[in-house]
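> Below you'll find the structure I mean.
Residue numbers (my numbering): 182 to 312.
If you want it as structure tokens, here you go:
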């Protein structure tokens, strides 16, 4: 899986749904990792095709994949070890995985709803607030 592959898949699904929905509005709903994919796809539609989705709903979002990796609870024990940043966080960037939700939402012109529980056991709510 890659960031561009995920985005391409969502755009193909959008095209399929749009061909069958007539004039109905289509919204993107992303949860956790899917929030980065949803914002990428919405931005790409807007910038490359001039198409705006009906809305974007982000459930348990994160700012970008680097921040998510640095703050996700399951990496807490590994953060203390030398090389964590290089081996884990930098390797995601080298693989072309950024999922910049924080940057994507700045340019989206469609309605945006962000949902994030205070007791989220995976991604800290502070990342959702930053988006």
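Where a beta carbon is used, it is the ideal one built from N, C-alpha and C, also for glycine.
Taking all protein chains shown into account, decide if residue 230 is buried (16 or more other Cβ within 10 angstroms of its Cβ) or exposed.
Counted from its first residue, the chain shown places residue 230 at position 49. Residue 230 comes out exposed.
> Can you find the residues in the same chain that come closer than 7 angstroms, C-beta to C-beta, to residue 283, ignoring five residues on each side of it along the sequence?
In the chain shown, counting from the first residue as 1, residue 283 sits at position 102. Once the five neighbours on either side are set aside, the close Cβ partners of residue 283 are 244, 245, 311, 312.
> Closest to residue 233 by CA distance: which of 189, 257, 207, 294 is it?
Looking up residue 233 in the chain shown gives position 52. Among 189, 257, 207, 294, the Cα nearest to that of residue 233 is on 207.
> Under a Cβ-count criterion, where at least 16 other Cβ atoms within 10 Å of its own Cβ denotes burial, should residue 297 be classed as buried or exposed?
Taking the chain shown and counting its residues from 1, the one referred to as residue 297 is at position 116. Buried: at least 16 other Cβ atoms inside 10 Å.
> Among the candidates 221, 289, 251, 220, whose CA atom is the shortest distance from the CA of residue 304?
Locating residue 304 in the chain shown gives position 123, counting from the first residue. Ranking the options by Cα distance to residue 304, first place goes to 251.
> Is the segment 255-275 touching the segment 214-223, taking contact as three or more C-beta pairs under 8 angstroms?
No, the segment 255-275 does not touch the segment 214-223.
> Taking the alpha carbon of residue 285 as the reference point, which residue from 186, 197, 212, 226 has its own alpha carbon closest?
By one-based count along the chain shown, residue 285 stands at place 104. Per the Cα distances, 226.
> Tell me whether the beta-carbon of residue 203 lies closer than 8 angstroms to the beta-carbon of residue 239.
Locating residue 203 in the chain shown gives position 22, counting from the first residue. Locating residue 239 in the chain shown gives position 58, counting from the first residue. Contact: no.
> Provide the residue span of the beta strand (DSSP E) that contains residue 293, from first to last.
Along the chain shown, one-based indexing puts residue 293 at 112. Counting along the chain, the beta strand (DSSP E) containing residue 293 begins and ends at 293-296.
> Taking only the alpha-carbon atoms, compute the straight-line gap between residue 258 and residue 265 and give it to the nearest angstrom.
To locate residue 258, count along the chain shown from 1; it is residue 77. To locate residue 265, count along the chain shown from 1; it is residue 84. The alpha-carbon atoms of residue 258 and residue 265 are separated by roughly 10 angstroms.
> On the DSSP bridge list, what partners appear for residue 236?
Counting from one through the chain shown, the residue named residue 236 turns up at place 55. Paired residues: 208.
> Pull up the distance between the alpha-carbon of residue 256 and that of residue 268, whole angstroms please.
Counting from 1 along the chain shown, the entry for residue 256 is found at position 75. Counting from 1 along the chain shown, the entry for residue 268 is found at position 87. Whole-angstrom Cα-Cα distance: 12 angstroms.
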